[in-house]
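Enquirer: Quick note: to get the working numbering, add 14 to the position in the sequence shown (first position is 1).
First, the structure itself, so that you have it in front of you.
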Amino acid sequence: MIKRSSPLLFLSILFLLSCSQKQTEKILPADPKLANLKLPEGFQADRLFGPSENGEGSWVSMTFDDKGRIIASDQYGALYRMVIPAIGDTATKVKAERLIVPSTEGTIDTSKISIGYAHGLLYAFNSLYVMINHNSNDAFTKGSGLYRLQDTNGDDQYDKLTLLKELEGEGEHGPHSIKLSPDGKSLFVIAGNFTRIPEMNAYRLTPDGKLDNLLPLIKDPNGHDNTVHWQGGWIAQTDSMGTNWELYSSGFRNPFDMAFNEAGDLFTYDSDMEWDLGTPWYRPTRILHVTSGSEFGWRPGTDKWSARFPDNNPSLLNIGQGSPTNVVYGGNARFPEKYRKSIFAFDWSFGIIYAIHLEPSGSSYKATGEEFLSGSPLPLTDGVFGPDGALYFLTGGRRLESDLYRVYYGNGKEEVSTAAPIGLNEAHQIRRKLETFHTGPADGAVDLALPYLGHSDRHIRYAARLALEHQPLDSWKSKVFALQDPLAITQAMIALARKADPKDRDMILSQIKKIRYNTLSESQQFDLLRAVELVLSRMGAPASSAKEELISYLNVNFPDKASNDVNRQLSKLLVFLEAPEAVSKTMNLLLKATDTENEEDKNFINPADLIMRNPQYGMDIASTLSNLPPQQQTYLATVLIQAKKGWTPDLQEKYFKWFYNAFSYKGGYSFRGFINLARQQALHNVSKDKFVYFNSISGDSIANKPAAALVEGAVQPKGPGRDWTVDEAMKFVDSGITARNFERGKGLFVSSLCAACHTMNDFGGVSGPNLTQLGTRFSYRDMLEAMIEPSKTISDQYGATVFFMNDGTSIVGRLVSEDNDSYQVSQNPFTPQQLRTISKKAVARTRVSEISPMLPGMINNLNPEELKDLLAYLKSGGNKQDTIFKETKNPAEK
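The structure is reproduced here in structure tokens:
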């Protein structure tokens with residue numbers, strides 16, 4: 015847990031901030047956007063082009079072609095190509111040439127977009143590869159997938175477009191980026207968890223869609239991730255023609271990009287789900303080392319895997335909160351040596367480029383982080399190192415104001431020493447050798463893999479197990495039962511749980527029980543318990559004496575006095591097995607459990623880092639994290655919702671009162687919803703005559719209240735209002751927003767109904783985006799456009815769906831979840847948990863609505879001064895101490 019900063023620390027931070035501000039004032043560039051950038055010493059930046067200023071959209075992807083030109087894509091528009099002036103050339107202005115591809119008939123129609131909507135671009139094999147992220151419509155007829163553009167007649171214009179692979183998925187969690195393999199012979203593509211894994215020619219891991227988690231599944235109560243498959247985001251490898259596809263890795267949430275280092279290892283930056291903040295299944299944004307056949311454990315709702323599970327791969331470095339976008343390796347940079355060995359990871363939300371420094375460790379790496387570049391607002395989208403060794407990057411996305419920047423070291427032309435190559439140590443070579451058997455049956459694979467199942471290196475154990483799983487079961491099944499090393503046995507039983515017939519369940523469990531549990535280290539105990547969980551989740555619980563023997567083996571070790579992680583596994587297993595003491599022991603733990611943080615769970619970003627970069631939003635993050643719910647208690651309470659036996663009246667009383675208290679904890683948007691759904695499931699196990707009582711003491715009276723109902727302090731506008739336009743409102747913004755009234759701004763945030771759907775600094779609704787960090791990413795014009803023209807930009811996470819009914823009518827609402835028979839739809843944004851059920855049989859077709867659920871004209875009751883107070887409140891992130899609320903002194907008083 016992160017503790018609140020001390021007053022002394024806060025004062026020291028303010029002092030550092032004031033000093034840095036004074037220093038910055040001396041060297042501010044003429045361009046205010048460049049002045050906003052924080053760069054390491056010795057680095058310079060140029061702002062080369064503003065697509066938005068030229069009506070060319072908001073750019074999200076880019077690449078260099080073979081002539082050193084940049085090709086970029088508008089998120090919702092065309093592709094553009096441009097010649098970039100050399101570093102130091104201030105006279106040449108960048109101009110963007112829109113790329114137009116003829117139709118199959120050879121005609122050119124400039125009135126429509128012929129190619130664009132690309133989340134990923136790559137020039138390779140004398141071709142431009144384009145990852146389109148889009149549902150085809152009249153405006154742009156091409157749907158999501160990987161496309162290849164070629165110039166067949168040498169006139170420097172692309173005239174041939176080929177669809178290499180159609181993909182099912184679009185939007186912010188759809189298909190994303192493309193990278194060239196280290197040997198230059200193939201392509202790697204990456205997609206988010208709203209993109210179904212297509213049929214492929216080969217699989218380095220089996221995408222069987224198993225949850226593999228005995229924690230009761232509760233999907234996100236606000237509907238996110240509830241309508242997609244369970245394999246998560248994925249990475250695949252294909253040839254230049256897109257004919258042979260191989261699944262390389264999966265189990266991500268939503269990584270946008272990836273990069274290879276000079277050793278040929280692959281890395282990505284995966285996102286979290288900030289609505290889950292405060293829950294024990296929340297995972298921060300993470301830098302991941304993506305090895306062959308790796309699995310990273312994304313599952314919906316409560317069933318996301320622990321990073322410690324031995325059947326998935328760990329985080330290389332936890333970053334913290336953010337929105338990952340670009341990942342690029344610095345090997346070709348004309349930068350100091352440490353940066354040429356680093357991975358650069360972009361965060362859209364906070365406007366930070368992280369430099370991730372890698373140090374070989376065993377068969378993987380140790381990583382440390384550095385904030386390389388930042389700005390506020392700076393919505394980073396894509397970046398690439400150019401032929402000149404400079405870093406080129408874009409800002410934009412969601413139709414935000416977009417810019418192209420260049421960052422270089424010194425004068426950009428200095429010679430740099432050759433970076434020492436990253437050598438492959440023995441462990442690295444062993445892992446690589448084992449990974450050659452991840453492609454299918456091969457002679458010698460079993461004999462090579464077996465000795466490494468018990469290796470001390472986690473990645474080697476994983477690679478060895480996966481090598482076994484790709485071989486015929488009969489070639490290794492009998493051999494693994496002869497193993498003696500506990501580590502090796504655990505890995506082998508995980509393999510059998512995934513590949514053997516359920517009739518082998520009791521034999522597998524007997525082999526596990528031969529291991530002397532108390533002789534194992536904490537990590538080995540955890541792995542063994544995970545192996546048991548996989549057997550039970552995939553093969554079911556054993557019967558009669560075999561079940562009792564397993565309960566006895568586990569129960570004697572529960573609870574563990576030192577490890578919260580081990581207790582989570584033991585409680586989950588024993589409650590699932592209906593062990594006689596499972597409920598009483600778990601309840602005793604729940605009532606006194608405190609949270610601990612393992613070294614591998616720590617984040618690179620902490621509140622102090624964010625405060626120094628952005629005091630306003632950083633202090634809000636610090637406050638939230640310092641008041642997180644008790645995660646161990648939440649986990650154990652969730653385990654117990656499936657317990658039907660072992661309750662006493664006293665234990666049930668204490669259990670349901672815990673839920674009442676849990677509603678008072680802070681957490682992400684979905685925390686209260688998770689608690690309520692867990693409470694409701696637990697109530698299914700109480701007797702009918704006790705239902706009303708336990709429903710009451712567990713918080714029924716407060717569970718379903720919308721957050722807006724808890725908001726007080728509304729201020730009614732005095733007006734007179736007007737039909738505001740963006741340009742009219744900007745006239746008053748341009749006159750200056752200073753010395754504003756905080757209380758009135760906050761009250762207008764409530765009375766204008768903003769708080770009914772949006773959260774600002776701990777209060778408000780959840781059917782729209784959290785606005786606390788609005789001021790760090792958006793300009794006043796962006797804010798006004800969102801309020802006055804809400805349908806101009808709609809995030810697919812908050813948009814509505816139109817259901818066209820068989821009877822000719824239509825229903826509009828936000829799709830929260832669906833099953834085989836029906837849709838669950840939220841139609842009222844002010845009461846988002848009130849759902850309407852629509853039978854799928856009654857629906858003819860659906861489409862995404864082009865109308866925002868946000869009501870237009872919500873600020874039309876405000877006069878100019880009231881509008882400025884509301885804008886000041888939004889810009890400050892609800893921070894009363896922001897300087898925007900300080901009165902300006904009369905010059906005579908100074």
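All C-beta atoms in this analysis are idealised placements derived from N, C-alpha and C, irrespective of residue type, glycine included.
Thinking C-alpha only, which one of 137, 133, 138 is nearest residue 145?
Expert: For the purposes of this step, residue 145 is taken as the residue at position 131 of the sequence shown. The option with the nearest alpha carbon to residue 145 is 133.
Enquirer: For residue 367, does the three-state DSSP call read helix, strand or coil?
Expert: In the sequence shown, counting from the first residue as 1, residue 367 sits at position 353. DSSP places residue 367 in strand when its eight states are reduced to three.
Enquirer: Does the separation of the CB atoms of residue 291 and residue 642 fall below 9 Å?
Expert: Reading the sequence shown from its first residue, position 277 is the one you call residue 291. Reading the sequence shown from its first residue, position 628 is the one you call residue 642. Yes.
Enquirer: At 3 residues or longer, what runs of the beta strand (DSSP E) sit wholly inside the segment 29-102?
Expert: The qualifying runs are 57-63, 73-78, 84-88, 93-96.
Enquirer: Under 8 Å by Cβ, that's how I've got residue 261 and residue 218 pegged, so tell me the actual separation to the nearest angstrom.
Expert: For the purposes of this step, residue 261 is identified with residue 247 of the sequence shown, where counting begins at 1. For the purposes of this step, residue 218 is identified with residue 204 of the sequence shown, where counting begins at 1. Confirmed, about 6 Å.
Enquirer: So residue 508 and residue 325 are in contact, right, with Cβ under 8 Å, and what is the actual spacing, rounded?
Expert: Along the sequence shown, read from residue 1 onward, the residue named residue 508 stands at position 494. Along the sequence shown, read from residue 1 onward, the residue named residue 325 stands at position 311. Contact flag correct, Cβ pair sits at about 5 Å.
Enquirer: Work out the CA separation of residue 850 and residue 827 for me, nearest whole Å.
Expert: Translated into the one-based positions of the sequence shown, residue 827 becomes position 813. Translated into the one-based positions of the sequence shown, residue 850 becomes position 836. Distance between the alpha carbons of residue 827 and residue 850 is about 9 Å.
Enquirer: How many Å lie between residue 676 and residue 454 at the Cα?
Expert: In the sequence shown, residue 676 corresponds to position 662, counting from 1. In the sequence shown, residue 454 corresponds to position 440, counting from 1. For residue 676 and residue 454, the distance between alpha carbons rounds to 49 Å.
Enquirer: Does the segment 570-588 come close enough to the segment 649-665 that 3 or more CB-CB pairs lie under 8 Å?
Expert: The segment 649-665 is in contact with the segment 570-588.
Enquirer: Taking just the CA atoms, how far does residue 56 sit from residue 422?
Expert: Within the sequence shown, the letter at position 408 stands for residue 422. Within the sequence shown, the letter at position 42 stands for residue 56. Each residue's alpha carbon lies about 9 Å from the other.
Enquirer: For residue 756, does the count of other Cβ atoms within 10 angstroms reach 16, so buried, or fall short, so exposed?
Expert: As a position in the sequence shown, residue 756 is number 742, starting the count at 1. The residue is buried, with at least 16 neighbouring Cβ atoms inside 10 Å.
Enquirer: To the nearest whole angstrom, what separates the beta carbons of residue 127 and residue 154, a pair I think is in contact under 8 Å?
Expert: Position 113 of the sequence shown, counted from the start, is the residue given in the question as residue 127. Position 140 of the sequence shown, counted from the start, is the residue given in the question as residue 154. That pair is a contact at about 5 Å.
Enquirer: How far does the alpha helix (DSSP H) with residue 446 in it extend, from its first residue to its last?
Expert: Taking the sequence shown and counting its residues from 1, the one referred to as residue 446 is at position 432. 440-449 is the extent of the alpha helix (DSSP H) around residue 446.
Enquirer: Roughly how many angstroms lie between the CA atoms of residue 848 and residue 242, to the nearest whole one?
Expert: Within the sequence shown, numbered from 1, the residue matching residue 848 stands at position 834. Within the sequence shown, numbered from 1, the residue matching residue 242 stands at position 228. About 22 Å.
Enquirer: Quick one: is residue 895 buried, meaning 16 or more other Cβ sit within 10 Å of its Cβ, or exposed?
Expert: Taking the first residue of the sequence shown as 1, we reach residue 895 at position 881. Residue 895 comes out exposed.
Enquirer: Applying the criterion that 16 or more other CB atoms from any shown protein chain within 10 Å of the CB defines a buried residue, is residue 700 buried or exposed?
Expert: Against the sequence shown, residue 700 aligns to sequence position 686. Buried.
Enquirer: List the whole-angstrom C-beta distance separating residue 688 from residue 697, where the pair is believed to meet the contact cut-off of C-beta under 8 Å.
Expert: Position 674 of the sequence shown, counting from 1, holds the residue named residue 688. Position 683 of the sequence shown, counting from 1, holds the residue named residue 697. Contact flag wrong, Cβ pair sits at about 15 Å.
Enquirer: Would you report the Cα separation of residue 93 and residue 173, rounded to the nearest angstrom?
Expert: Within the sequence shown, the letter at position 79 stands for residue 93. Within the sequence shown, the letter at position 159 stands for residue 173. Each residue's Cα considered, the two are about 14 Å apart.
Enquirer: Inspect the beta-carbon positions of residue 167 and residue 215 and report whether they are closer than 9 Å.
Expert: On the sequence shown, residue 167 is found 153 positions in, with the first residue counted as 1. On the sequence shown, residue 215 is found 201 positions in, with the first residue counted as 1. Not in contact: residue 167 and residue 215 (Cβ atoms no closer than 9 Å).
Enquirer: Quick one: what does DSSP say residue 205 is sitting in, helix, strand or coil?
Expert: Within the sequence shown, residue 205 is the residue found at index 191, counting from 1. Three-state DSSP puts residue 205 in a strand.
Enquirer: Taking the straight line between their C-alpha atoms, what separation do you get for residue 226 and residue 314?
Expert: Counting from one through the sequence shown, the residue named residue 226 turns up at place 212. Counting from one through the sequence shown, the residue named residue 314 turns up at place 300. Each residue's Cα considered, the two are about 12 Å apart.
Enquirer: Roughly how many angstroms lie between the CA atoms of residue 793 and residue 816, to the nearest whole one?
Expert: Taking the sequence shown and counting its residues from 1, the one referred to as residue 793 is at position 779. Taking the sequence shown and counting its residues from 1, the one referred to as residue 816 is at position 802. Roughly 31 Å separates the two Cα atoms.
Enquirer: Check whether the Cβ atoms of residue 183 and residue 209 sit closer than 9 Å, and answer yes or no.
Expert: Taking the sequence shown and counting its residues from 1, the one referred to as residue 183 is at position 169. Taking the sequence shown and counting its residues from 1, the one referred to as residue 209 is at position 195. Yes.
Enquirer: Does the segment 99-106 touch the segment 68-85, meaning 3 or more C-beta pairs lie closer than 8 Å?
Expert: As far as the Cβ criterion goes, the segment 68-85 does not touch the segment 99-106, which means the pair count is below three.
Enquirer: If the criterion is Cβ atoms closer than 9 Å, does the pair residue 877 and residue 644 meet it?
Expert: Sequence index remark: in the sequence shown, residue 877 carries index 863 (1-based). Sequence index remark: in the sequence shown, residue 644 carries index 630 (1-based). Result no, Cβ atoms of residue 877 and residue 644 do not sit closer than 9 Å.
Enquirer: From which residue to which residue does the alpha helix (DSSP H) around residue 563 run?
Expert: Translated into the one-based positions of the sequence shown, residue 563 becomes position 549. Per DSSP, residue 563 belongs to the alpha helix (DSSP H) from 558-569.
Enquirer: Rounded to the nearest angstrom, how far is the Cβ of residue 390 from that of residue 365, given a contact under 8 Å?
Expert: Mapped onto the sequence shown, residue 390 falls at position 376. Mapped onto the sequence shown, residue 365 falls at position 351. So it is a contact: roughly 5 Å between Cβ atoms.
Enquirer: Three-state secondary structure (DSSP) at residue 338?
Expert: To locate residue 338, count along the sequence shown from 1; it is residue 324. In this structure, residue 338 counts as strand in the three-state DSSP scheme.
Enquirer: In terms of residue numbering, what span does the beta strand (DSSP E) encompassing residue 396 cover?
Expert: Position 382 of the sequence shown, counted from the first residue, corresponds to residue 396. Note, residue 396: beta strand (DSSP E), 394-399.
Enquirer: With distances taken between CB atoms, is the gap from residue 161 to residue 122 smaller than 9 Å?
Expert: Mapped onto the sequence shown, residue 161 falls at position 147. Mapped onto the sequence shown, residue 122 falls at position 108. No, Cβ-Cβ distance for residue 161 and residue 122 is not below 9 Å.
Enquirer: Unbroken alpha helix (DSSP H) runs of length 4 or more, entirely within the segment 172-202: which are they?
Expert: Correct list: empty.
Enquirer: Mind checking whether the beta-carbon of residue 746 lies closer than 8 Å to any heavy atom of the ligand SAM?
Expert: As presented, the structure is devoid of all ligands, the ligand SAM included, so that no description of it is given.
Enquirer: Using 8 Å for Cβ pairs, my map puts residue 435 next to residue 409. What's the rounded Cβ distance?
Expert: Taking the sequence shown and counting its residues from 1, the one referred to as residue 435 is at position 421. Taking the sequence shown and counting its residues from 1, the one referred to as residue 409 is at position 395. Actually they are not in contact, since the Cβ atoms of residue 435 and residue 409 sit about 34 Å apart, beyond 8 Å.
Enquirer: Compute the Euclidean distance between the alpha carbons of residue 425 and residue 58, then round it to the nearest angstrom.
Expert: Here residue 425 corresponds to residue number 411 of the sequence shown, with the count starting at 1. Here residue 58 corresponds to residue number 44 of the sequence shown, with the count starting at 1. If you take the alpha carbons of residue 425 and residue 58, they lie about 8 Å apart.
Enquirer: Should the segment 466-474 be called in touch with the segment 368-384, which here means at least 3 C-beta pairs below 8 Å?
Expert: Touching, yes, given that three or more Cβ pairs across the two stretches are closer than 8 Å.
Enquirer: For a test of the three-state rule: what should DSSP assign to residue 227, helix, strand or coil?
Expert: By one-based count along the sequence shown, residue 227 stands at place 213. Three-state result, residue 227: coil.
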